[in-house]
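The sequence shown maps to residues 292 to 809 in my numbering.
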Amino acid sequence: MKIYSFSPFGYEGSLVSVEVDIKRGIPAIDMVGLADGAVKESRERMKSAIRNSGFDFPQERVLISLSPADLKKEGAGFDLAVALGVLCQSGQEGFETEDLALDSVMVLGELELSGALRPVRAVHAAAASARAAGVTHCVVPKSNANEAREVLGMKVFGAANLREAFEALFSERHFEEAAESAAFDSVPKGSVTIEGVTFPPVYEGCGFEELKGQKDLVRACAIAAAGGHNLLAFGPPGCGKSLVLQRFSSLLPLLTAEEAQSVTRIHSIAGLMSPGQGLVRIAPFRQPHMSASVEGMCGGGNNCRPGEISLAHNGVLFLDEAAEFRGSVLQMLRVPLESQKIALNRAGRTAIYPANFQLLMAANPCPCGNYGSDKKICLCSSRSIELYWKKFSAPLLDRIDLRVKVDVPDQDEVEAAASWSTQELRRPIARAVKAQRDRGIYRNSRLAPEEISRYCWLENDVQRLLTAAASRYDFSPRATASCKKIARTIADMEGSEKISLEHMAEAVDLRKLTGVLD
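Okay, structure coming up:
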């Protein structure tokens, strides 16, 4: 039987073949294959685990080979694979090698000295890589089993300890029963379906029911959620821009099974999966602190772990107080926003992570926050305001579809306004998302030039309005295309196939950056 394990590196990682040879000589354990300290320490862990599980450890010389030999092996996930390799090769009483039921198996897990198994990261990535290589059976810790079962065609056995894992190798029935009995629904309980699109439950403190006012910003959020558009909200401190944007995730539908696969793989690699968790169906919402470094945003480290922009894949990256982030951090967002991926180069190897994220930013109009206020005095010089906004740069702002100026609401108007309903806000979003899925596109914000020509066709009067606006506000070709995509989203929210003058006028109004840079 061929035993495989997994070495996580970047998004792909590598399958590792685990071979064991037992020969005459002074009892010792040798390990070859460019193993790091954590992997080499598995020799002692697996030796104690084998004995404490009621098996006999061979009193001979044991050679463990991890191949490919030139690939660095890191982490404690090799423990179980090494232990099973020793048990299969040493011939335990009551377990004959010729009775092994499998030709190959992917094994991942960390051993305690007692023989119990501890959960490890990157199980979903390991199972997916193994299945792509033709391996159909997988043994992992019980708490990681649901994660591995989400890989189509993979038969999984979730073991609680070393003995259970070893016994499972002698009967394929264990894998079949585990796969059947562990069937579960990855859609969160309490999810609601609106016009054929499923949304997650509205958790306490995460919906719009507690908010009043800020009609323009809430409308922009609905359009952004419907079409996947990037959004910038700027206004004085205390106007409510951060409060509204932090509830943005409640407007997003559940990820499709296909979208969830890549998200689950990234979160598995990052070690963010909860015990027993299956597919990540709720769109990620990442809010890094303003002190985040370029490496924290991009990813990196010895194993090229994902950064914030990859963890926000198929979800949202929210930068609160965006102008306080380092200029280098803001500028590095430009390429991933365009290409929806990011390449990391570490130790002579390259890892490419998907990074199809939606960017939300909240910012003050100036360093002190009072610029443009009728009731407060701005203490900032024109030079400091210019430097403040230069952090964003024109190329970055050009990639932001929606720009909303937020004012401090009048208290009397707020008290008189009705509370928002998250379910009612979701209804036009669901209509737009369904229209986009029916067309076979991901989101309107990602329309390619040829798709813009096909789906954003404009009548003469609408085209004249856009041309006049582009001339007046000095729109770039990207900004002009952005207006078409925003208008397409607004039309989809109303269930209209045709883009009208009203749709385009609202799109232009949301695209132009007013209040600070005019």
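For each residue, glycine too, the CB sits at the ideal point set by N, CA and C.
For G366, the number of other beta carbons within 10 angstroms of its own is at least 16, and it is reported as buried.
Pairing G444 with N594, the inter-Cα distance amounts to about 28 angstroms. Within 10 angstroms of the beta-carbon of A707 lie fewer than 16 other beta-carbons, which makes it exposed. Residue environment analysis places Y494 among the exposed positions, since fewer than 16 neighbouring C-beta atoms fall within 10 angstroms of its C-beta. Under DSSP, N636 shares a beta bridge with T641.
For the pair Q649 and S601, the Cα-to-Cα distance works out to about 11 angstroms. Taking all protein chains in view, the Cβ of R464 is surrounded by fewer than 16 other Cβ atoms within 10 Å, so the residue is classified as exposed. Taking the Cα positions, G382 is about 22 angstroms away from F448. The beta carbon of A516 lies closer than 6 angstroms to those of L542, L543, I720 in the same chain, with the five residues before and after it left out. If you keep only unbroken alpha helix (DSSP H) runs of at least 4 residues inside the region 453-536, you get 453-459, 464-472, 506-518, 532-536. Of all alpha-carbon atoms in G519, G518, A360, V377, the one lying nearest the alpha-carbon of E351 is that of V377.
Residue burial is scored here from C-beta neighbours: H415 has at least 16 other C-beta atoms within 10 angstroms and is therefore classed as buried. Following the DSSP letters along the chain, one finds Q649 inside the beta strand (DSSP E) bounded by residues 649-654. For R674, the enclosing alpha helix (DSSP H) begins and ends at 673-681. Under a 10 Å Cβ-count criterion, R342 is classified as exposed, with fewer than 16 other Cβ atoms of the shown protein chains found around its own Cβ. With respect to the 9 angstroms criterion, R728 and I560 are not classified as neighbours on the basis of their beta carbons. Within the region 368-425, the complete alpha helix (DSSP H) runs of at least 4 residues fall at 370-381, 414-423. With a beta-carbon spacing of about 20 angstroms, V396 and I313 fall beyond the 8 angstroms limit used to define contacts. L357 is positioned such that its CB atom lies closer than 9 angstroms to that of V323.
Cβ neighbours of S619 within its own chain (closer than 6 angstroms, five residues either side excluded): V585.
Using a Cβ-Cβ distance cut-off of 8 angstroms, the region 525-533 and the region 654-666 are in contact, since at least three pairs of beta carbons, one from each stretch, lie closer than that value. In this model, K775 and S787 are separated by some 14 angstroms (Cα to Cα). By a beta-carbon distance limit of 8 angstroms, I485 does not contact T780. Their separation comes to about 17 angstroms.
For R352, there is no enclosing alpha helix (DSSP H); the enclosing beta strand (DSSP E) has its first and last residue at 352-358. Here V353 is near V311, since their CB atoms are less than 9 angstroms apart. Looking from the CA of L716, the closest CA among V753, E797, N751, F490 belongs to F490. A straight-line Cα-Cα distance of about 13 angstroms links G606 and R538. Distance from the Cα of G368 is smallest, within the candidate group A417, V724, P575, V478, for A417.
Contact check between the region 676-685 and the region 609-624: three or more CB pairs, one atom from each, fall below 8 angstroms, which counts as touching. Under the three-state reduction of DSSP output, H794 falls in the helix class. Leaving aside the five residues that flank I732 on each side, the residues in its chain whose CB is nearer than 8 angstroms to its CB run, in chain order, L738, E742, Y746. C-alpha of A436 to C-alpha of A603: approximately 24 angstroms in a straight line. Between L402 and D370, the CB-CB gap stays under 9 angstroms. In this structure G518 is in contact with N735, their Cβ atoms being roughly 4 angstroms apart against a cut-off of 8 angstroms. Residue pairing by DSSP places F300 opposite no residue, since no beta bridge is assigned to it. Here K789 is exposed: its Cβ has fewer than 16 other Cβ atoms, across all protein chains shown, within 10 Å.
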